[in-house]
Each structure stands twice: as structure tokens, then as C-alpha cells.
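Colleague: For reference, the structure I am asking about is given below.
Residue numbers (our numbering): 1060 to 1281.
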């Protein structure tokens, strides 16, 4: 456990070092001589964008810390997974349209869950699938009851994921061989949050590759 904590702290320090260095350098350059107001505004806008991104990462880390403590979900209500998947599909429509992709939702299951967390898990999975699937591909959200669990799978065509990547892809701060630009997950926390949400609801995550398709999803206690 101590080794994991040391590794986690090292990862956090690594992720913070680069954006902080960029902002410090930008501020030093801006202050090196007199500059017109539009140039200073551009620097401030760039720094604000960077700070918002860092704040988002910190919020994600706090959520994962609560999940590690074993905190359960609050504000449970009856949730239709199909309805949430369709709603999230509308939310990420711009991402899909940009890559000329289509989304199909199949099946349904109703469970007691935190609606906001379920939506967050679906957003992370769908944006991940869209960015790794080929342009013009069809993405599927497959929902089904499996005994005491409800299962949600995002299926997309693409090259198989190597087993060593499958074992680590839900680890926080891990991006594998994909660049930040390609993955769209700058800090490597998106899939870790999916796993945390699933476990908070009595389920877990899963990944399976076969026949030119990749299935990444999660289960929730039904």
C-alpha cells in the first residue's frame, strides 16, 4: 500500500509539473517587457484554460480518493440505463459528428443508482470509444441484466487492445502508448473514474476484444 501511495504521489507530481512550468514560463515572458493589452489578455486566457484543466484534475482526484475510502453513492434513484445512454449520446453528439460516427443503443435495465455518476461513466466510455474508433464507425451501447447485475458495454470497431494494456487501462494516470491528443484524456483519469463509479455501485469494469471489435464497459448492482 505504501508503494502504491508513493507511486500515486509521483504520478500527481509529474502531471502537475509540466502545466505549472508552462504557466510560469508564459508569465515570465509576458513580464519581460511592456506588452500591449491584447497580448497580455491572450496570456491570461491561456493560463485560465490551463488552471481550469488542473482544477478538473484535482476534482477527479478527490472523487477517486473518496471512492478509495469505500464511500458509497448518495442520492440513489430509479435509473433507466437506456434513457441515460441516449441522453449522453446527445451530449457527446459533437464528438461523434466530428468523426462522422453513429451511435446505437440496444437493451435496457432499470436500477437504483446515482444518476449523475452513471452519466459520468457513460460520457467517459463514449468519448473514449469515439476517439479510438475509426472515422465513420458505428458505436454501440449494449445494456442487459446479468443475474444480480446490470451490464453496460460500449462496443466499437478497431484494432485489438494488447493484454498488457487491458490489465492497466483502468489505472489512474495511465495512458499506454496513446498520446494525450489521441486519447483525449489528458490526465489519464477517465477510465479510472469509470471503474470507481462501477465499484461504488457494487460492480466492476471489463474489457474484451474479439472479431475486430472492442468491448469496454462496467457492471452495476441491479
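All C-beta atoms, glycine included, are put in the ideal place defined by N, C-alpha and C.
Could you tell me which of 1072, 1277, 1152, 1280 sits nearest to residue 1190, measuring between CA atoms?
Modeller: Within the chain shown, numbered from 1, the residue matching residue 1190 stands at position 131. It is 1152.
Colleague: So, with DSSP's three-state summary, where would you put residue 1203?
Modeller: Taking the first residue of the chain shown as 1, we reach residue 1203 at position 144. Three-state DSSP puts residue 1203 in a strand.
Colleague: Is the stretch 1189 to 1204 touching the stretch 1128 to 1138, taking contact as three or more C-beta pairs under 8 Å?
Modeller: With the cut-off at 8 Å, the stretch 1189 to 1204 and the stretch 1128 to 1138 do not touch.
Colleague: In chain order, which beta strand (DSSP E) runs of at least 3 residues are fully inside the stretch 1146 to 1224?
Modeller: For the stretch 1146 to 1224, whole beta strand (DSSP E) runs of length 3 or above, ordered along the chain, are 1161 to 1165, 1169 to 1172, 1197 to 1205, 1208 to 1216.
Colleague: Figure out for me which residue from 1214, 1261, 1224 has the closest Cα to the Cα of residue 1272.
Modeller: Mapped onto the chain shown, residue 1272 falls at position 213. The residue with the shortest Cα to Cα distance from residue 1272 is 1214.
Colleague: Under a Cβ-count criterion, where at least 16 other Cβ atoms within 10 Å of its own Cβ denotes burial, should residue 1240 be classed as buried or exposed?
Modeller: Reading the chain shown from its first residue, position 181 is the one you call residue 1240. At residue 1240 the pLDDT is 40, less than 50, meaning the model places this residue with poor confidence; the figure from the coordinates comes in the next sentence. Under this definition residue 1240 is an exposed residue.
Colleague: Identify every residue that forms a DSSP beta bridge with residue 1093.
Modeller: Here residue 1093 refers to the residue found at position 34 of the chain shown. In the DSSP output, where bridge partners are listed per residue, residue 1093 has none listed.
Colleague: If you drop the 5 nearest sequence neighbours on each side, which residues of the same chain put their C-beta closer than 7 Å to that of residue 1201?
Modeller: By one-based count along the chain shown, residue 1201 stands at place 142. Here the set comprises 1165, 1166, 1212, 1214.
Colleague: Quick test of the definition: if touching needs 3 or more C-beta pairs under 8 Å, does the stretch 1092 to 1109 touch the stretch 1141 to 1157?
Modeller: The stretch 1092 to 1109, when compared against the stretch 1141 to 1157, does not touch it at the 8 Å Cβ threshold.
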